[in-house]
Structure formats: C-alpha cells, structure tokens
Amino acid sequence: MRSPLSARRPQPWSYATLLALLILGQATSAIPSPLYSLYAEKWDYPPFLTTVVFAAYGAVAVIAILVSGPLSDRYGRRPVLLVAVLLLLAGLAVFTFAAGPGYLVVARMLNGLGIGAIVVVGGAALLDVSPERAARSGTFTAIAFNVGIAVAALGTATLAQTGFHPLLVPYLADGLVAVALLVLLAVMREPHPSVGAAPLGIPRPQVPKEIRQRFTFAVIGAGAAWAVLGVCFSLEPAIASRAAHIDGPLFGGVIIAAVTLTAAVAQVIGGRYPARTVALVGDTALAALMLAGVAGFATGNAVVITVTVALQGGAYGLAFGGSLRHLTAHIPAERRGAVMSAFYLLAYGALITPTLLVGLGATVWSDTAIFPVFSVLAALLCLTAVVVERRQGRREAHGGATLSSGPEARAVSRTD
1 MRSPLSARRP QPWSYATLLA LLILGQATSA IPSPLYSLYA EKWDYPPFLT
51 TVVFAAYGAV AVIAILVSGP LSDRYGRRPV LLVAVLLLLA GLAVFTFAAG
101 PGYLVVARML NGLGIGAIVV VGGAALLDVS PERAARSGTF TAIAFNVGIA
151 VAALGTATLA QTGFHPLLVP YLADGLVAVA LLVLLAVMRE PHPSVGAAPL
201 GIPRPQVPKE IRQRFTFAVI GAGAAWAVLG VCFSLEPAIA SRAAHIDGPL
251 FGGVIIAAVT LTAAVAQVIG GRYPARTVAL VGDTALAALM LAGVAGFATG
301 NAVVITVTVA LQGGAYGLAF GGSLRHLTAH IPAERRGAVM SAFYLLAYGA
351 LITPTLLVGL GATVWSDTAI FPVFSVLAAL LCLTAVVVER RQGRREAHGG
401 ATLSSGPEAR AVSRTD
C-alpha cells in the first residue's frame with residue numbers, strides 16, 4: 001500500500017507533459033499566422049481585419065494571465081490547465097468550421113484564453129513539480145515557447161503550400177495532440193502543494209516608486225520587442241512574400257520560424273550575461289536592425305530578407321529576455337504580483353496597439369508603404385529605452401547604490 005506522501009509525489013512524466021503543454025500552447029497561437037493570407041483571399045477582407053483577429057487573441061490573453069494564476073493558487077493547477085486545454089480545443093473547432101472572418105475572431109479569443117492560462121499556470125506547475133530545477137525551467141520555457149511557434153508556423157506553411165486542406169489539417173493535428181495532453185492532465189496528480197490555502201484575489205497592477213525607472217526601461221524595451229513580434233505574426237509574412245515575389249504561404253512560415261528560433265538561441269545565450277547589459281544590447285541592436293530591415297525588404301531578395309528578420313529575432317530575444325530579467329531582479333518579493341500584472345498589461349498593449357495601427361495603415365494605403373514607417377517608429381522606441389536606462393545609470397552612479405554590500409547585493413549584481 002502506498003503512503004500518503006508517495007501518493008502526492010508527482011509522476012516522473014509530469015515535467016515532460018507540462019513542457020509539452022507549453023509547446024502546444026504556443027504552437028496553437030502560431031498556426032493561423034501563415035494562413036491569414038489564405039483567409040483574406042478566400043473571404044476578400046482588408047489587412048486591418050487580419051490585425052483585428054490577431055489583437056483579439058492578445059486582448060483576452062491578458063485577462064487569462066491576470067486571472068488564471070490566482071485561480072490556480074486557490075483551486076489547483078490541474079483544474080485550470082484542464083479548462084485551458086478545453087478552450088484550446090473549442091477554438092480549434094471554430095477554426096475548423098469557420099464560415100467567415102467573425103469566426104476567426106471568436107476562435108482566436110477562445111485560444112487566447114486557453115494559451116494565457118497555460119503560460120501562467122503551466123510555468124507555475126513546472127516549479128511545483130520540480131522546484132530544484134527553477135532556473136533551468138525558465139530556460140526550458142523560453143525554448144518551448146519559441147520552438148512551438150517555429151514548428152507550427154513552418155509545418156502549417158509547408159502543408160498550405162502543398163494545398164492539402166490547409167484550413168483543416170493543421171487544426172486537426174493540433175487537436176489530436178491537445179486531446180492526448182488532456183488525458184495525461186486528467187490522470188496527473190495535482191502538483192500544487194497548498195491548494196485552497198491562498199486567498200482568491202487578482203493582483204492590482206502597481207509599481208513601487210523605487211523601481212519605476214527600471215520598470216519604465218523594461219516596459220519600453222519589452223514593448224518595442226512585442227510590437228515587432230505582433231507585426232511579424234500578423235502582416236509581415238504576407239509583406240515578405242510580396243517583397244520577395246514568392247507565391248504561397250511557405251515563405252511566410254519561414255519568416256516566422258526564423259524570428260522565433262533565433263530568439264530562442266539569443267535568450268539561451270543572453271541568460272549567461274547580466275540582464276541590464278543584455279537588454280541594452282538587444283534594444284540597440286533591434287533599433288539598428290529595424291532600420292536595416294527596410295533596406296533588406298527593398299532588395300526583394302529572399303535570402304537577404306530571411307537573414308534580416310532572423311537577426312531581428314535574435315535582437316528581440318535579447319531585448320525582451322534582458323528587460324524582463326532586469327525588472328524581476330529588482331521587484332520586492334511582496335509586490336511581484338502587482339508589478340508583473342502592470343508589466344504584462346502594458347506589454348500586451350504594445351503588442352496589440354501598433355499591430356492594429358499598422359493594419360489600419362495597410363488598409364488605407366498599402367502594407368509596403370506603412371511597413372517602413374512602423375520600422376522607424378519601432379527603432380525610435382528601442383532607442384528611447386536605451387536613453388531611459390542610461391539616465392538611470394548616471395543617477396545611480398552619482399547617488400550611490402542602495403545596496404552596497406551583503407549577500408542580496410551580490411546576488412543582484414550577478415544577475416543584473
């Protein structure tokens with residue numbers, strides 16, 4: 001007979017299942033991106049509607065991010081993850097039977113709720129299952145996100161290029177994986193050790209005065225990176241294909257995969273260096289590469305365009321990863337929920353708003369006309385983050401560090 005302690009111990013396969021779930025969530029988010037041009041051709045709608053579909057996903061994902069964490073603390077990780085996977089399946093079903101653009105909005109909203117919950121609760125469950133691998137789990141999560149997006153985008157685009165039911169088969173394949181993980185979650189032991197102990201409440205977004213400068217730097221840098229990512233996932237595949245004079249969705253899938261895979265590599269490498277330095281390098285590089293990207297797209301050469309966006313992906317990985325680590329190293333323990341709520345609200349705002357504006361501009365003028373304008377504005381936003389942090393650094397140099405000695409200061413200096 002098993003002891004109560006062994007009955008509560010996580011199964012050996014729990015960690016791998018949760019990582020697979022994180023990959024599934026990001027893969028589901030990426031599947032429609034190479035297909036947007038096919039949907040637009042099928043139903044003859046303008047580019048702005050494509051960005052509305054994408055923005056609907058981001059808007060509801062923010063709600064899920066804010067709500068799912070407290071719910072899982074109170075009721076357990078497993079119930080919330082089960083509901084999240086069911087929401088993914090519901091969204092895939094709507095995509096499968098879509099009869100117009102409105103269906104795409106509903107499908108993306110359902111997926112956004114599920115994916116937002118998976119990002120937060122899946123990451124927390126990894127720490128519950130294997131707390132001794134906390135640092136490695138962060139790296140694994142970043143890799144899982146980007147690999148999931150790259151594999152789904154490239155696989156969907158390749159399938160669409162062949163013309164073999166591109167608006168059906170990718171969703172069915174993703175749904176089969178989701179069902180398999182749903183079964184594993186159903187038999188998984190609850191990983192959270194303190195179910196029912198936490199009060200139910202949503203952290204109110206708030207930033208303590210002592211870290212507002214760092215918060216501003218992190219949000220501007222991460223926001224610029226996410227703005228670039230939003231356009232990459234919505235309009236850039238079609239823009240790149242037209243610039244390179246390549247028909248079909250395959251090249252668009254290559255563009256998305258190039259961005260996400262180089263971002264994953266950059267985040268792994270950047271994790272070995274101080275966060276502030278990584279963020280500054282990433283912001284500066286992304287600014288330069290956004291401007292270089294205008295020239296790269298103007299060449300019309302597919303190789304040049306692919307290399308350009310791959311380099312942008314690496315800079316995005318450094319800018320976002322470094323900005324997030326720089327912020328989290330300085331958040332007081334008792335304010336983490338409130339600060340991270342504020343961070344993700346603004347980051348998702350930066351993901352959604354520029355994407356909608358680019359879509360509107362592409363509808364009024366053309367995507368080839370609006371893309372250089374967006375690139376210049378994104379570069380200016382990255383440089384603004386650099387200026388903010390440089391000013392903060394000078395203030396600290398003149399005023400002296402708050403923590404000049406002791407183990408806490410040494411720990412912060414190693415990470416930041």
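In UniProt numbering, the protein residues as written are 1 to 416.
Each residue gets a CB set at the ideal place from its N, CA and C atoms; glycine is no exception.
| Item | Value |
| --- | --- |
| Count the other CB atoms, across all protein chains shown, that sit within 10 Å of the CB of residue 72; report buried if there are 16 or more and exposed otherwise. | buried |
| Can you tell me whether residue 190 is helix, strand or coil according to DSSP? | coil |
| When you compare each of 35, 266, 284, 80 to residue 152 by their alpha carbons, which one comes out closest? | 35 |
| Going by alpha carbons, who is nearest to residue 27 out of 11, 114, 38, 121? | 114 |
| Quick check on the burial criterion: 16 or more other C-beta atoms within 10 angstroms. Buried or exposed for residue 16? | exposed |
| Determine the closest residue to residue 156 out of 145, 168, 146, with distance taken between C-alpha atoms. | 168 |
| Could you please give the first and the last residue of the uninterrupted alpha helix (DSSP H) stretch that includes residue 103? | 101-117 |
| Given a cut-off of 8 Å on the beta-carbon distance, is the pair residue 241 and residue 233 in contact? | no |
| Quick one: Cα of residue 315 to Cα of residue 149, how far? | 17 Å |
| Using a Cβ-Cβ cutoff of less than 8 Å, which residues in the same chain neighbour residue 304 once the five nearest sequence positions on both sides are dropped? | 296 |
| Taking the alpha carbon of residue 118 as the reference point, which residue from 164, 140, 107, 85 has its own alpha carbon closest? | 85 |
| Out of curiosity, what's the CA-to-CA distance linking residue 97 and residue 104? | 10 Å |
| Drop a sphere of 10 angstroms on the beta-carbon of residue 236, count the other beta-carbons inside from all chains shown, and report buried for 16 or more, exposed for fewer. | buried |
| For residue 264, tell me which candidate among 343, 81, 187, 320 has the shortest Cα-Cα distance. | 320 |
| For residue 230 versus residue 54, is the C-beta spacing smaller than 8 Å? | yes |
| Helix, strand or coil for residue 130? Go by DSSP, reduced to three states. | coil |
| Assuming residue 210 is part of the alpha helix (DSSP H), what are its boundary residues? | No alpha helix (DSSP H) holds residue 210; DSSP gives it neither H nor E. |
| So residue 43 is in the alpha helix (DSSP H); what residue range does that whole segment cover? | 36-43 |
| Determine the closest residue to residue 75 out of 110, 162, 193, with distance taken between C-alpha atoms. | 193 |
| Assuming residue 22 contacts residue 102 (C-beta within less than 8 Å), just tell me the rounded distance between them. | Rounded, the Cβ-Cβ distance is 30 Å, inconsistent with contact. |
| Is the shortest distance between the beta-carbon of residue 242 and the beta-carbons of chain B less than 8 Å? | Among the protein chains of the structure shown there is no chain B, as only one such chain exists. |
| Cutting at 6 Å between CB atoms, please list the residues of its own chain near residue 224, excluding the five before and the five after it. | 378, 381, 382 |
| Exposed or buried, which one is residue 332 when buried takes at least 16 other CB atoms within 10 Å? | exposed |
| By Cβ distance below 7 Å, which residues in the same chain neighbour residue 80 in space, the five residues on each side in sequence not counted? | 68, 71, 72, 117, 121 |
| Grab the span of the alpha helix (DSSP H) containing residue 73 for me, first residue to last. | 47-75 |
| Expressed to the nearest angstrom, what Euclidean distance is found between the alpha-carbon atoms of residue 37 and residue 311? | 24 Å |
| According to DSSP, simplified to helix, strand and coil, what is residue 273? | coil |
| Which residues in the same chain have their Cβ closer than 8 Å to the Cβ of residue 408, if we skip the five residues on either side of it in sequence? | With a pLDDT of 46 at residue 408, under the threshold of 50, the modelled position of that residue is not reliable, and no figure is offered here. |
| Looking at C-alpha atoms only, which residue of 374, 111, 328, 58 is the closest neighbour of residue 287? | 374 |
| Give the single residue among 282, 363, 126, 39 whose Cα lies nearest to the Cα of residue 389. | 282 |
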